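In the working numbering, the protein residues as written are 8 to 121.
Backbone N, C-alpha and C define an ideal beta-carbon position, used for all residues, glycine too.
Note that this is a predicted model, so its numbers are computed, not measured.
Presented below is the structure to which this report refers.
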């Protein structure tokens, strides 16, 4: 599975961004897709996931602010990020869990700064 992520950038605190992740295969056949992030000096952490059945999970730190969704026709998963905080700044990685293996996109930088 190849994943192409996009949508990162610079945003002011309180602003919004939408990340996209397009997979090279039908996402309905992928067990779960999601987003992780890694800030400088920190470990990569789970942000959110969505299963092929549509179940979602969010890190406590983003609940109520971030929303994961998908467009099956486009094989794309989205991460809508609202009310961004400086602590949300990180490289965001798209992830796919398929046939007991993890696949990663190239990462997209999100910077939250005034």
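Boundaries of the beta strand (DSSP E) in which residue i is found, first to last residue
| i | result |
| --- | --- |
| residue 57 | 52-58 |
| residue 41 | 39-45 |
| residue 25 | 24-30 |
| residue 117 | 115-119 |
| residue 77 | 73-78 |
Beta carbon of residue i nearer than 8 Å to that of residue j
| i | j | result |
| --- | --- | --- |
| residue 69 | residue 32 | no |
| residue 114 | residue 98 | yes |
| residue 4 | residue 23 | Given a span of 8 to 121 for the chain in the structure shown, any question on residue 4 remains unanswerable. |
| residue 131 | residue 56 | The chain is shown from 8 up to 121; residue 131 falls before or after that span and cannot be answered. |
| residue 121 | residue 47 | no |
| residue 15 | residue 117 | yes |
Option in the options with minimal Cα separation from residue i
| i | options | result |
| --- | --- | --- |
| residue 26 | 50, 47, 104 and 83 | 83 |
| residue 18 | 95, 105, 42 and 106 | 95 |
| residue 108 | 39, 21 and 13 | 39 |
| residue 105 | 34, 45, 64 and 52 | 34 |
| residue 12 | 121, 67, 110 and 46 | 110 |
| residue 71 | 89, 58, 20 and 77 | 89 |
| residue 67 | 52, 30, 100 and 93 | 52 |
Residue burial classification, residue i (beta-carbon count within 10 angstroms, cutoff 16)
| i | result |
| --- | --- |
| residue 36 | exposed |
| residue 102 | buried |
| residue 10 | buried |
| residue 41 | buried |
| residue 80 | exposed |
| residue 60 | exposed |
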